[in-house]
Amino acid sequence: MTPGRRSSTFTRLLRHGFTDASAAERLLDSAELAAVRDDPVLLEALGATADPDLALHGLVRLLEAQPGPTARRELLDTLIAAKPLRDRLLGVLGASAALADHLARHPRDWETLVTYEPRDLHPGVAEFERGLAEAADPVSLRVAYRRCLLSIAARDVCGTTDLTQTAAELADLATATLRAALALAEAAAPGDAAACRLAVIAMGKCGGHELNYVSDVDVIFVGEAADGADESKALRAATKLASHMMRICSETTVEGSIWPVDANLRPEGRNGPLVRTLSSHLAYYQRWAKTWEFQALLKARPVAGDLDLGQEYVAALDPLVWKAAERENFVADVQKMRRRVVENIPAAEIDRELKLGPGGLRDVEFAVQLLQLVHGRADAALRSGTTLDALQALAAGGYVGRADAVQLDDAYRFLRSLEHRIQLHRLRRTHLVPEDEADLRRLGRSLGLRTDPVTELTREWKRHTGVVRRLHEKLFYRPLLDAVAQLAPGEARLSAEAARERMVALGYADPAAALRHLEALASGVTRKAAIQRTLLPVLLGWFADSADPDAGLLNFRKVSDALGKTPWYLRLLRDEGAAAENLARVLSAGRLAPDLLMRAPEAVALLGDGDGGGLEPRGRAQLEQEILAAAGRADNAEDGVRAARGVRRRELFRTAAADIVDSYGTETKPAEPDQGALVDRVGAAVSDLTAATLAGTLRAVVRDGWGDTLPTRFAVIGMGRFGGHELGYGSDADVVFVHEPRDGVAEREATDAANKVVAEMRRLLQIPSADPPLLIDADLRPEGKSGPLVRTLNSYEAYYRRWSLVWESQALLRAEPVAGDAELGRRFIELVDPLRYPAQGLGEDAVREIRRLKARMESERLPRGADPKLHTKLGPGGLSDVEWTVQLLQLRHGWSEPGLRTTRTREALAAAQAAGLLEAEEAAVLDEAWVLATRVRNAVMLVRGRAGDTFPTESRELAAVGRYLGYGHGHAGDMLDAYRRTMRRARSVVETLFYGA
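Residue numbers (full-length UniProt numbering): 1 to 997.
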């Protein structure tokens, strides 16, 4: 060969798509291709394949395998002369290394691709049965199966059949194969065959007439006794036949395997009998079946064995399938099943998972099946087991928007075609998009992407998965709006009854009211209504994910009515990704946050990502600065405190909204896994806000009554959960007040001024208004309710020196200055430190007194009728148990362990563990219990809008508490069981550490 010719051939090969032109030249120069190496027809045909290098290599192997020169010449002559054969054979060789291997082992099978009659283009079960008819054993069945598969692949890669036709042909070939395998099993055991009637029901993609190249074939077996036979013997015979049939298809031989036959969709799965009678199947589905099992039955189709019995099975179970949507939590169950599938995908594979990943094939299939089950009860046209046929029927009936259906159809066809090409290469069961560039190039070219196959394939794949991700949830909700909105003439829409059914399936208790809200929000031709029609399909899905979808939609209507005329509101929800979902979560999570929002709806701006500050809590210094400035601008104390309370209401909403969003999680950010962090965040935010509100109120009252200077120095000391930075949404502000007369001011005058300040602060913070009141509780002061409300620092010192009781020392463990004169606050803390951290610790008498007080409190203070095991404060293992245990450790050891000198429960507990005062496991148990009890209290306030120490009894409220704590629909019982377990463990630790048991 001359250098010039070599260079010319090399260039031509590269131009025709070969990547290894040197290897291709060597193959073209081989003896097998000597007669046609310069034929331009061959090179053009190779260049048209998905992988010209693979196709050429496969062709040479096939020629080498021919039995002699005559057979080789026959193949080459036919290849050059007959374009249909050339396209089919080279197309298969360029797409499938596995089928090239088959042809090399069975070199005459290429002849099955020669005939090109119209009847060969779309064979059905009968044609495939003829193709398998001569198979007399499992090995010859595999050979015949691959021969039939070769013809399907040839039509597929040449574009003679489209995706749906290819998938249907693969299902028909599977049907013929199951029948052939069952015939072999029956021939091997004629006695068993005579004793029973056995029906094979195809499920999954085979049942849906949409099979892959390589897939498990899902089946269910139904058996009955033949006339006169004993039923138990007949079932044993049927089980033997079914097992043998499965082995014939699944076992690996010298010709490999066909595919696994999977019977795990049967009642009770792999733990249940392989074959059941029809009556046994029916009894199971009537009593025990889960929602997903009815979803699976959508695709049930008799394919082999006794087809009459198979039809009886389908007819008997069909009514149950179409009642599945009436089951409690139906939609939630289906969606939870989908989420579980995604969660089980290894993290390293999720971005390449074509079938199960977000935006993958399963998203389309689940959405379509969900709609079929909801609306197929009343509309038999929807009862197809084939995904794309069902999607088309849903669009025709108005259950899915036509544009959405077209986009989903396109995406599904692309993703399934890509899946087919991936599997065809090695005939291996996989749904992962490869990472190797050569594989991606072959796949791209096989799908007609020839300019830049890798880039184009990646772009198209991501585009289609993006479409599916965007549409698969919205698919369920958008037509609800069309049912109440103005549609173009000729557009199909949901009927009123269909819309009602869908709302019930979503969990709406009052579907008629929900549809009225949708009509009010989305009807009309205004720009506002158009934006609402875009937003609502997604919002409805988020509402449905809550425990009270009705409240979410009602609250959204109220907010929209209040803000509908403001230009920024709908723009915020439409354009800022987080805002709409955050709003949906907040509006459907309970009463507190929506109530706070309704009083000033403009706080919606906080839910976005922009200039509203977002949901990050603001620090005390920033809050004080804003509140003090607002109070300073006011004309009088009442206006100043009103401004402070307005800031408090807005910031309470910010804190509650952030807590809800962090607890629920969003589509882009999972729920916060650290429950302790959630509790600390709320406690710090509400405590800082309360301190800033008191500081602003104090400033407003002093300024209004005395100008810039009060006759006495005045400080507010936080106590209890306030001093511990652990306030919840419904907590009062526990405080004590201390003052010290200024130089030259009589003590009586100073005390009168201080008492007036306290009285006015308490009055102004409780005046009925649109803002929630802040109750000041000073009962932890010396002598309790019978003691003076305000004392001087000297009076505190005298009282504590002479009269202080051990409970007061315990209460002072939480004392921390929160407002007023900082120096006076510091001196108060210096005064009480020796009381709360007594030198050498508590004596035994004091310890016994604390234990006695605790025991009396447990028996006397629990509300009548309350379940002690579910009382978050006073129940065993609850807040009181943990806090008294920690505080006893502080009183006994705080003098020698600096880490214990903190007002915060969790910090003190961690310090006690670090000091070796309790085991790490004991500390963890107490911490878990304290965090959980605090979370429950916060949840009750968020859900009910009023404080409570026990779980709600109303089912929706209880479910909402569960949702906040991370429990899905229908799992309130699991939540209560987990709570009791946690508290039991904590109480056991308390018995040891506090009571010395």
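Every residue, glycine too, gets a C-beta built ideally from N, C-alpha and C. Note that the coordinates shown come from a computational prediction; the quantities given were computed from them, not determined experimentally.
C-alpha of E497 to C-alpha of A512: approximately 10 Å in a straight line. Among the bridge pairs identified by DSSP, T950 is matched with H871. Membership of T792 in the beta strand (DSSP E) is indicated by the continuous run V790 to T792. Counting only the Cα atoms, V886 lies some 22 Å from D779. In this structure, DSSP gives C158 a state outside helix and strand, which the three-state scheme calls coil.
In this structure, G820 sits away from K336, with a CB-CB distance that is not shorter than 7 Å. T49 and I345 have their C-alpha atoms spaced approximately 34 Å apart. A check of alpha carbon separations from V757 across V303, P711, G724 and G398 identifies P711 as the nearest. In the three-state DSSP reduction, R276 falls in the strand class (E or B). In the three-state DSSP reduction, F414 falls in the helix class (H, G or I). Under the rule that a run must span 4 or more residues, the alpha helix (DSSP H) segments found entirely inside the region 838–926 read 844–860, 879–893 and 905–914. DSSP lists I220 and P302 as the bridge partner or partners of I201. Between the region 698–708 and the region 870–879, the count of C-beta pairs closer than 8 Å stays below three; the two stretches do not touch.
Within the same chain, I660, V661 and Y664 come within 6 Å of R585 by CB-CB distance, once the 5 residues on both sides are set aside. When the five nearest sequence neighbours on each side are left out, the beta carbons in the same chain lying within less than 7 Å of the beta carbon of E32 are those of V60, L63, E64 and R72, in order along the chain. In this structure R649 is not in contact with A579, their Cβ atoms being roughly 20 Å apart against a cut-off of 8 Å. In this chain, the beta strand (DSSP E) harbouring D734 covers A733 to P741. Within the model, the alpha-carbon separation for R236 versus D308 is close to 20 Å.
Counting every other CB atom within 10 Å of its CB across the protein chains shown gives V538 a total of 16 or more, marking it as buried.
P741 counts as buried, since at least 16 other C-beta atoms from the protein chains shown sit within 10 angstroms of its C-beta. Cβ atoms of A153 and L99 come within 8 Å of each other, at about 6 Å. For T175, the enclosing alpha helix (DSSP H) has its first and last residue at L163 to A188. Measuring C-alpha to C-alpha distances from D833 to each of R533, I850, V847 and A815 identifies A815 as the nearest. Distance from A621 to A630 at the Cβ level is roughly 15 Å; contact not present, criterion being Cβ atoms closer than 8 Å. By the neighbour-count definition (other C-beta atoms within 10 Å, threshold 16), K323 is an exposed residue. In this structure the region 190–209 touches the region 157–171; the number of beta carbon pairs closer than 8 Å is three or more. With a cut-off of 8 Å on Cβ pairs, the region 441–460 is not in contact with the region 237–254, counting fewer than three such pairs.
Of all alpha-carbon atoms in W706, V604, G552 and A544, the one lying nearest the alpha-carbon of A562 is that of V604.
In the DSSP assignment, L727 is bridged to no other residue. In this structure, the straight-line span from the alpha carbon of H106 to that of V114 is close to 15 Å. Listed in chain order, the non-local C-beta contacts of L424 below 7 Å within the same chain comprise A95, S96, A153 and Y213, local neighbours out to five positions each way being set aside. In this structure, the beta-carbon distance from R713 to L824 falls below 7 Å. Residues of the same chain with a CB within less than 7 Å of the CB of C158, apart from the 5 flanking positions on each side, are D87, R88 and G91 in chain order. Pairing A908 with T902 gives a Cβ-Cβ distance under 7 Å. By the CB criterion at 7 Å, D704 and N636 fall inside the cutoff. Our two residues, R15 and L75, have alpha carbons roughly 26 Å apart in a direct line.
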